[in-house]
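Protein chains in written order, with the numbering used here: chain A, 52 to 244; chain B, 15 to 323.
The structure appears below as structure tokens.
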Amino acid sequence: MTRVGVLGLQGGVREHLQMLRGLGAEAVPVRTPEDLTGPDGVRVDAMVLPGGESSVIDRLLHLTGLFAPLQQALLAGLPALGTCAGLIELSKEVRNPAPGQQSLGVLGVEVDRNAFGPQIASRVATIDTEWGPVRGALIRAPQIMRVYPGSEPVARDAGVLLGARTGRVIGISFHPELTGDDTVHRAFLSSIF
Amino acid sequence: MTSESQHSSSPSTPADDATLVKTGLADMLKGGVIMDVVTAEQAKIAQDAGAVAVMALERVPADIRAEGGVARMSDPGLIDSIIEAVSIPVMAKARIGHFVEAQVLQSLGVDYIDESEVLSPADYSHHIDKRGFTVPFVCGATNLGEALRRIAEGAAMIRSKGEAGTGDVSEATKHIRTISEEISRLHGLAETHPEELYAAAKELGAPLGLVEQTARAGHLPVVLFTAGGIATPADAAMMMQLGADGVFVGSGIFKSGNPAKRAAAIVAATNSYDDPDTIARVSRGLGEAMVGINVADLPAPHHLAERGW
């Protein structure tokens with residue numbers, strides 16, 4: 052069975068665990084370096100980075116000591132899916148970071164945090180993705196401003212880039228785990244092996 | 015079930031979508047600490063310490079208690095300056111029932127409104143009808159019936175009330191335990207005696223649909239945070255172990271000796287709530303905690319948690 056870790060520091064962790072389990076994967080929260088790596092190496096086949104407050108998730112990644120081993124595993128080819136704040140954390144460049152905010156730098160994009168404005172601009176949309184139309188919630192969502200060479204767009208809405216891939220790392224601005232649309236998770240799981 | 019059949023069996027409506035983005039933001043705050051701030055400077059300190067959102071208000075509850083008088087929505091200029099100062103979500107308080115304060119806060123672009131008993135109520139019969147607003151609301155509750163009534167009115171997030179401005183965590187403990195126990199009881203009924211849920215709804219004073227939904231799920235239909243009297247990292251961790259999705263800290267931070275350090279410690283303890291070694295480590299040398307008032311010594315008219323119905 053595919054074992055997927057869900058970064059469990061803050062935010063919409065439960066929703067991803069439920070959706071992955073619903074698709075038959077073994078989904079486990081990853082909250083410490085020991086959850087991620089054991090004596091035999093990385094203990095999960097893939098990682099999901101959920102939405103939440105990106106500056107807080109970044110801070111907690113450093114506080115728990117997870118930042119370096121997670122970055123190392125991703126650079127070594129561990130597949131990953133990030134939604135919203137997870138996209139920001141995976142990105143190479145973050146526009147409008149909170150003071151001191153870093154990112155893992157494994158997804159070749161520049162993202163703009165809170166690109167659409169305050170909560171009253173949040174909405175649910177049917178987003179055009181390479182896996183077909185996906186119902187997703189855009190909640191104080193980031194926008195992809197630039198995709199670097201070697202990476203490719205995977206989702207957009209009315210010309211605005213909302214998803215990209217670098218190798219086996221995917222980041223999307225929206226939350227399919229909140230609408231119950233499992234298209235992206237299904238495609239991600241089938242791409243792991 | 016395929017995603018196609020999920021779509022066809024439950025097509026989403028614009029009203030469902032509006033609710034989803036309101037409850038969705040609360041989902042993204044889970045595991046976090048929301049901090050009361052009264053200036054842009056404090057908001058930056060809170061953000062740097064790892065707050066998941068800040069609550070803009072004119073006076074922290076401890077000062078409202080000390081100074082008395084009518085407590086109202088903050089000056090819009092102050093709220094603007096706080097929105098300008100930070101990139102994390104900004105919440106602001108409106109008085110219970112004061113729907114025009116809520117309209118003003120929505121027009122200012124705050125991310126969440128707290129219809130709060132910490133301010134002086136504007137209506138002793140009616141809470142704000144929150145369904146018509148685009149901005150989401152969080153409301154306080156001391157028990158399950160109160161929580162479900164607020165959700166029926168459109169609240170997208172609930173915080174157990176505790177007793178704000180005291181630094182005494184006992185009421186927060188009582189309220190989160192009460193809500194959890196009442197949900198457990200309903201969950202049991204849903205399995206063994208679903209026909210008794212009608213009477214349960216009557217006793218709770220809450221709509222049957224929400225009672226049934228809560229009973230089936232075994233948790234509230236929205237995120238549940240805890241508030242009121244949380245002053246230390248251990249207080250915050252205890253609320254998380256009691257099942258809260260996150261915590262609000264009001265006077266506990268900026269009424270203490272070293273706000274930045276205490277705020278960061280409470281964030282760390284909320285995250286590592288089940289790891290006593292970490293809680294011990296971050297609790298060292300935090301300086302003075304807020305002085306505090308024992309709830310038992312408060313004269314009854316000063317119990318803020320009794321505001322709201």
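Even glycine gets a Cβ: it sits at the ideal position worked out from N, Cα and C.
Next on the checklist: So the candidates are L132(A), L240(A), V157(A) and G183(A); which of them puts its Cα closest to the Cα of S202(A)?
Outcome noted: Reading the first sequence from its first residue, position 151 is the one you call residue 202(A). For S202(A), the nearest C-alpha among the options comes from V157(A).
Checklist entry - Based on Cα-Cα distance, which residue from T246(B), G260(B) and I280(B) lies nearest to G306(B)? => result Counting from one through the second sequence, the residue named residue 306(B) turns up at place 292. Residue T246(B) is the option with its Cα nearest to G306(B).
Checklist entry - Between the stretch 172-190 of chain B and the stretch 203-213 of chain B, do three or more beta carbon pairs fall short of 8 Å? => result no
Item to check | DSSP state of F147(B) mapped onto helix, strand, coil | outcome: In the second sequence, counting from the first residue as 1, residue 147(B) sits at position 133. In the structure shown, F147(B) sits in coil (DSSP, three-state: anything other than H, G, I, E or B).
Item to check | Simplified DSSP state of T16(B), which is helix, strand or coil | outcome: Numbered from 1 along the second sequence, position 2 holds the residue referred to as residue 16(B). Because T16(B) carries a pLDDT of 38, less than 50, the predicted location of this residue cannot be relied on, and the following value inherits that uncertainty. Correct three-state label for T16(B): coil.
Checklist entry - Under the three-state reduction of DSSP, which class applies to G154(B): helix, strand or coil? => result Locating residue 154(B) in the second sequence gives position 140, counting from the first residue. Under the three-state reduction of DSSP, G154(B) is assigned to strand.
Next on the checklist: Starting from A355(B), trace the beta strand (DSSP E) in both directions and tell me its first and last residue.
Outcome noted: Residue 355(B) cannot be examined here, being either before or after the span of chain B that is shown, 15 to 323.
Next on the checklist: Looking at chain A, is there any beta carbon in it that lies within less than 8 Å of the beta carbon of K216(B)?
Outcome noted: Numbered from its first residue, the second sequence carries residue 216(B) at position 202. No - not a single Cβ of chain A is within 8 Å of the one on K216(B).
Checklist entry - Is the stretch 70-89 of chain B touching the stretch 287-299 of chain B, taking contact as three or more C-beta pairs under 8 Å? => result no
Checklist entry - At a CB-CB cut-off below 7 Å, which residues of chain A make contact with K188(B)? => result Counting from 1 along the second sequence, the entry for residue 188(B) is found at position 174. Going along chain A, no residue has its Cβ under 7 Å from K188(B), so there is no contact; the nearest lies around 26 Å.
Next on the checklist: For S17(B), would you say it is in contact with chain A, using Cβ-to-Cβ distances shorter than 8 Å as the test?
Outcome noted: Taking the first residue of the second sequence as 1, we reach residue 17(B) at position 3. Here the model assigns S17(B) a pLDDT of 39, short of 50, so the residue's position is not dependable and the matter cannot be decided.
Checklist entry - What are the start and end residues of each continuous beta strand (DSSP E) run of 3 or more residues lying completely inside the stretch 164-206 of chain A, in chain order? => result 174-180, 183-189 and 194-198
Next on the checklist: Do V64(A) and A97(A) have their beta-carbon atoms positioned less than 8 Å apart in this structure?
Outcome noted: Position 46 of the first sequence, counting from 1, holds the residue named residue 97(A). Position 13 of the first sequence, counting from 1, holds the residue named residue 64(A). Taking 8 Å as the Cβ cut-off, A97(A) and V64(A) do not qualify as a contacting pair.
Item to check | Short CB-CB distance (under 8 Å) between P169(A) and chain B | outcome: Working through the first sequence from its first residue, we reach residue 169(A) at position 118. Answer yes: the Cβ-Cβ gap between P169(A) and chain B drops below 8 Å somewhere.
Next on the checklist: Relative to the C-alpha of S142(A), which candidate in G133(A), A166(A) and P150(A) has its C-alpha closest?
Outcome noted: By one-based count along the first sequence, residue 142(A) stands at place 91. Measuring from the Cα of S142(A), the nearest candidate turns out to be G133(A).
Checklist entry - What does DSSP give as the partner residues of P80(A) in its beta bridges? => result Here residue 80(A) is taken as the residue at index 29 of the first sequence, counted from 1. According to DSSP, P80(A) bridges with V57(A).
Checklist entry - Can you tell me where the alpha helix (DSSP H) with A60(B) in it begins and where it stops? => result Indexing the second sequence from 1 puts residue 60(B) at position 46. Taken as a continuous stretch (DSSP letters only), the alpha helix (DSSP H) holding A60(B) covers A54 to A63.
Checklist entry - Who are the near neighbours of Q194(A) in its chain, counting only those whose CB is closer than 8 Å to its CB and skipping five residues on each side? => result Locating residue 194(A) in the first sequence gives position 143, where the first residue counts as 1. Cβ neighbours of Q194(A) beyond the five flanking positions: V162, D163, A166, F167, V211, L212, L213 and S224.
Item to check | Own chain, CB closer than 6 Å to E77(A), minus 5 neighbours either side, in chain order | outcome: Numbered from its first residue, the first sequence carries residue 77(A) at position 26. Within the same chain, E77(A) has close Cβ partners M52 and R54.
Checklist entry - Considering only the beta carbon of each residue, do V132(B) and L312(B) sit closer than 8 Å? => result As a position in the second sequence, residue 132(B) is number 118, starting the count at 1. As a position in the second sequence, residue 312(B) is number 298, starting the count at 1. Contact: no.
Item to check | Inter-residue CB distance, I165(B) and P235(B) (contact presumed, cutoff 8 Å) | outcome: As a position in the second sequence, residue 165(B) is number 151, starting the count at 1. As a position in the second sequence, residue 235(B) is number 221, starting the count at 1. Rounded, the Cβ-Cβ distance is 6 Å, consistent with contact.
Checklist entry - Looking only at its own chain, which residues have a Cβ that is under 8 Å from the Cβ of V248(B), when we skip the five neighbours before and after it? => result On the second sequence, position 234 is the one that residue 248(B) refers to. In the sequence as displayed, the identity of residue 248(B) is Ala instead of Val. Only residues of its own chain outside the window of five on either side were considered, and among them A283, I293 and S297 have a CB closer than 8 Å to the CB of A248(B), listed in chain order.
Item to check | Straight-line Cα distance separating F118(A) from I172(B) | outcome: For the purposes of this step, residue 172(B) is taken as residue 158 along the second sequence, with counting starting at 1. For the purposes of this step, residue 118(A) is taken as residue 67 along the first sequence, with counting starting at 1. The straight-line gap from Cα to Cα measures roughly 32 Å.
Item to check | Interfacial residues, the stretch 274-292 of chain B to chain A, with Cβ spacing under 8 Å | outcome: V281, A282, N285 and S286
Checklist entry - What does a CB cutoff of less than 8 Å around D50(B) pick up in its chain, not counting 5 residues either side in sequence? => result Here residue 50(B) corresponds to residue number 36 of the second sequence, with the count starting at 1. If we look at D50(B) and ignore the five residues flanking it on each side, its Cβ neighbours are V68, M69, L71, V74, P75, F262, V263, G264, S265, I267 and F268.
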